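Visitor: Position 297 of the sequence shown, counted from 1, bears residue number 297 in the numbering used here, the numbering being contiguous throughout. The C-beta atom is built at its ideal place from N, Cα and C for all residues, glycine as well. On a predicted model such as this, the values are computed, not experimentally measured, just so you know.
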Amino acid sequence: MLPVISICIPAYKNVNFLKRLLDSICLQTYRNFEVIISDDSPDGEVEQLVENYQGQLPFIYYVRNQPSKGMPENWNNAISFARGEWIKIMHDDDWFLNEQTLAKFAEKINTEADFIFSNYENTFLNQQDEIVKKVPMVFPKYRLSAIAQEPLLLLADNKVGPPSVCMVRASVGARYDTRLRWRVDIDYYKAVLSENSKMELLEDLLIGVGMNENQVTNQTKNIPSVELPEAYILLQKYGTGPLRNWIIYDSWWRMMRNLKVTSYEELRQVVPEEWPLVIKNLLDFMEKTPKVCLKIGVMSKLFMFLSFGSNKGLKR
1 MLPVISICIP AYKNVNFLKR LLDSICLQTY RNFEVIISDD SPDGEVEQLV
51 ENYQGQLPFI YYVRNQPSKG MPENWNNAIS FARGEWIKIM HDDDWFLNEQ
101 TLAKFAEKIN TEADFIFSNY ENTFLNQQDE IVKKVPMVFP KYRLSAIAQE
151 PLLLLADNKV GPPSVCMVRA SVGARYDTRL RWRVDIDYYK AVLSENSKME
201 LLEDLLIGVG MNENQVTNQT KNIPSVELPE AYILLQKYGT GPLRNWIIYD
251 SWWRMMRNLK VTSYEELRQV VPEEWPLVIK NLLDFMEKTP KVCLKIGVMS
301 KLFMFLSFGS NKGLKR
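#1: Pick out the complete beta strand (DSSP E) segments inside the region 9-47, 3 residues or longer, and give them in chain order.
#2: Only counting runs of 3 or more residues, tell me where the beta strand (DSSP E) segments fall wholly within the region 111-178, in order along the chain.
#3: With distances taken Cα to Cα, identify the nearest neighbour of L294 among K315, F115, N258.
#4: Tell me whether S6 sits in a helix, a strand or coil according to DSSP, three-state version.
#5: Who are the near neighbours of I159 in its chain, counting only those whose CB is closer than 7 Å to its CB and skipping five residues on each side?
#6: Going by DSSP in three states, M211 sits in which element: helix, strand or coil?
#7: Closest to F303 by CA distance: which of L267, W275, R254 is it?
#8: Going by DSSP, what residue range makes up the alpha helix (DSSP H) through D250?
#9: With a threshold of 6 Å on Cβ separation, who are the neighbours of L57 within its own chain once the five nearest residues in sequence on each side are excluded?
#10: Which residues does DSSP list as the beta-bridge partners of D187?
#11: Starting from V343, follow the beta strand (DSSP E) in both directions and report where the run begins and ends.
#12: Ends of the alpha helix (DSSP H) at D284?
#13: Check the DSSP bridge columns for M71 and list the partner residues they point to.
#14: Helix, strand or coil for V192? Go by DSSP, reduced to three states.
#15: What does a CB cutoff of less than 8 Å around V4 pick up in its chain, not counting 5 residues either side in sequence?
#16: How many Å lie between T101 and D250 at the Cα?
#17: Where does D129 land, buried or exposed, given buried means 16+ other C-beta within 10 angstroms?
#18: Tell me which residue opens and which closes the alpha helix (DSSP H) that F308 is part of.
#19: Near K301, what residues of its chain come up, given a Cβ to Cβ distance below 8 Å and the 5 sequence neighbours on each side ignored?
#20: Are the beta-carbon atoms belonging to P10 and D40 less than 8 Å from one another?
#21: Q269 to Y188, Cα distance in whole Å?
#22: Check whether the region 172-190 and the region 226-236 are in contact - that is, three or more C-beta pairs closer than 8 Å.
#23: Which residues in the same chain have their Cβ closer than 8 Å to the Cβ of M256, if we skip the five residues on either side of it in sequence?
#24: At a cut of 8 Å, does the region 51-65 reach the region 86-99 through at least three beta carbon pairs?
#25: For D204, which residues in the same chain have their Cβ closer than 7 Å to its Cβ, ignoring the five residues on either side in sequence?
#26: From N311, I116, P290, W246, pick the residue whose C-alpha is nearest to that of P276; which is it?
#27: Name the DSSP beta bridge partners of I89, please?
#28: With DSSP collapsed to three states, give me the class of L228.
#29: For L206, name the three-state secondary structure that DSSP assigns.
#30: Buried or exposed: which applies to M199, given that a residue is buried once 16 or more other Cβ atoms fall within 10 Å of its Cβ?
#31: Within the same chain, show all residues whose beta-carbon is closer than 6 Å to that of T240, passing over the 5 residues directly before and after it, in chain order.
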């Protein structure tokens, strides 16, 4: 009998965090699941840890990647071995907050939703991996319909959260774009929800998300050589139509401002491609905006709206 839920874990060296995750899986009251671990580690520590859980979980499958695949290809590799009707990816530094987490997700599998996600808790760690702060992350329900219709709204503020808070129907067949690192999760959500898929929100805090200095987010945020090539890829994939929404337009405005890229020439120095007219016009307007105004939130927003209203690259 095939499992209903496939818990897919892309692992990389973090045996202490992985143990926390596996321990939380062992406690789940819902048992119709399998665990798949795709290991990118250079040594055998993860494999040794997994062996200790062989008798404690309904089914656990381990694969060692030689050579390592890197992220997000390792995420896709874990998914490729899944046999379940639902894919529940879990990063190795995240975990289930209580024994009812999977049961709560399973309650929604017979709805029309293809994308189920929960509220979660960010747990901040210091360099000694000691907890210093916990922050509940609650999705605003009133935005559910808008995000389902246009997931790229998450470019402005990813209120859904990281992949570990989500569960996706396997038949959707979505995979993570291996060219991306900074925007990989939002691009994946766009892929899942692009075919009139429906979202279901679980309002309980069900997932613990580990926050530490070594995360990819901390290594890629506000780095032009990372963010701008990925932004160009998103434009290639989805076109400029989404920028007709002022919230998405504003996310581009803020990205350029925060990266201190305020002219088309500066943009071409990082990504020497021909960018769409809407981006050229945005940067031309930003270049003419007084720099002091870009540093003041309300003033920057005002000039963004002026740019949005006058941008002839937006085909309305």
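Guide: Looking at the atomic coordinates:
#1: 33-39
#2: 115-125, 131-137, 166-169
#3: N258
#4: strand
#5: Strictly speaking, residue 159 in this sequence is Lys, with Ile absent from that position. Excluding sequence neighbours, K159 sits near F139, P140, R143.
#6: Strand at M211.
#7: R254
#8: 246-258
#9: V35
#10: Under DSSP, D187 shares a beta bridge with no residue.
#11: Outside the modelled stretch of the chain, which goes from 1 to 316, sits residue 343, for which no answer is possible.
#12: 277-288
#13: Answer by DSSP bridge pairing: none, since M71 is not bridged.
#14: In the structure shown, V192 adopts helical secondary structure according to DSSP, grouped into three states.
#15: N32, F33, G84, E85, W86, A106, I109
#16: 36 Å
#17: exposed
#18: Counting along the chain, the unbroken alpha helix (DSSP H) around F308 starts and ends at 297-310.
#19: Around K301, the same chain offers D250 as residues with beta carbons nearer than 8 Å, after the five sequence neighbours per side are excluded.
#20: yes
#21: 28 Å
#22: With three or more CB-CB distances shorter than 8 Å, the region 172-190 counts as touching the region 226-236.
#23: T262, L267, L282, L283, M286
#24: No: fewer than three Cβ pairs fall under 8 Å.
#25: K104, S118, N119
#26: N311
#27: Looking at the DSSP assignment, I89 forms a beta bridge with C8.
#28: helix
#29: Here DSSP, grouped into helix, strand and coil, assigns L206 to strand.
#30: buried
#31: P276, V278
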